[in-house]
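Heads up: the sequence shown runs through residues 162 to 375, numbered per this note's numbering.
Ideal placement from N, C-alpha and C gives every residue a C-beta, glycine not left out.
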Amino acid sequence: MKNSVKAVILTGGLVMVLLIGLLVWAVAQRAESENDPKPQVLREESHVLDDGGPDAVTVVEFLDFECEACAALHPVVEELRQKYDGQITYAVRYFPLAGHANSMNAALAAEAAGQQGDFEAMYQRLFETQAEWGGAAEPDPEVFRALAEEIGLNMTAYDEAVADPETAERVRRDRAEGTFLGVEGTPAFFVDGRPVAITEPGDLEKAIVEAQTR
162 MKNSVKAVIL TGGLVMVLLI GLLVWAVAQR AESENDPKPQ VLREESHVLD
212 DGGPDAVTVV EFLDFECEAC AALHPVVEEL RQKYDGQITY AVRYFPLAGH
262 ANSMNAALAA EAAGQQGDFE AMYQRLFETQ AEWGGAAEPD PEVFRALAEE
312 IGLNMTAYDE AVADPETAER VRRDRAEGTF LGVEGTPAFF VDGRPVAITE
362 PGDLEKAIVE AQTR
């Protein structure tokens, strides 16, 4: 009889330990999920250049400001932004490539400008001047500091932002999330959350039109 009671108590104890273990695991999984959210094409911190409203088609571009293909497609993007003004929400995310010496400096300059509300001014200037600094063998942050002065940024705030580790981390978050989303090179476009393969300039507009009819 005593052995039976002991067995019941032991079994009950094991069950309780198991239940507590499962509860701890569930809480840990929930915390991990909250701290490491699933990859998203567009986040609240992303730089939105055009906001077409809740019914607009969302176009997100992962780019490297030193990427020649990004610069080549930039005029096409600008034409589409004008043509579909009010119909699309266009946002930009960073994806600096390791083979480009100045890609990170360019992204830091854009992010620092964005902190002063001048992201688009720097975005445009970087593509306008890419031929002057792209392809360099060594990084040259002074090039981008000069661009910041050109567009009238507060240079004290700019220097502080570029030196702040959080600014670089902001760029790396985009880069890491792009990788999770399957981005391997630039430019990489997502239209309403779907990746778009760009083999010719008209592919992006085609994807926008198709999204409008869905």
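Original post:
By how many angstroms is the C-alpha of residue 330 removed from the C-alpha of residue 187?
Top reply: Since pLDDT at residue 187 reaches only 41, below the 50 mark, its modelled position is unreliable, and the value read off the structure follows with that caveat. Roughly 30 Å separates the two Cα atoms.
Original post:
So what does DSSP say about residue 286, is it helix, strand or coil?
Top reply: helix
Original post:
Run through DSSP, which three-state label would residue 249 get?
Top reply: strand
Original post:
For residue 354, which residues from the same chain have a beta carbon less than 6 Å from its beta carbon, with the 5 sequence-adjacent residues on both sides left out?
Top reply: 202
**OP:** Would you mind stating whether residue 210 and residue 251 have Cβ atoms separated by less than 8 Å?
**Re:** yes
Original post:
With contact counted as at least three CB pairs below 8 Å, one residue from each stretch, are the region 237 to 248 and the region 363 to 375 in contact?
Top reply: yes
Original post:
With a Cβ-Cβ cutoff of 8 Å, do residue 344 and residue 269 count as a contact?
Top reply: no
Original post:
Straight-line CA distance for residue 142 to residue 314?
Top reply: No answer is possible for residue 142: the residues shown for the chain start at 162 and end at 375.
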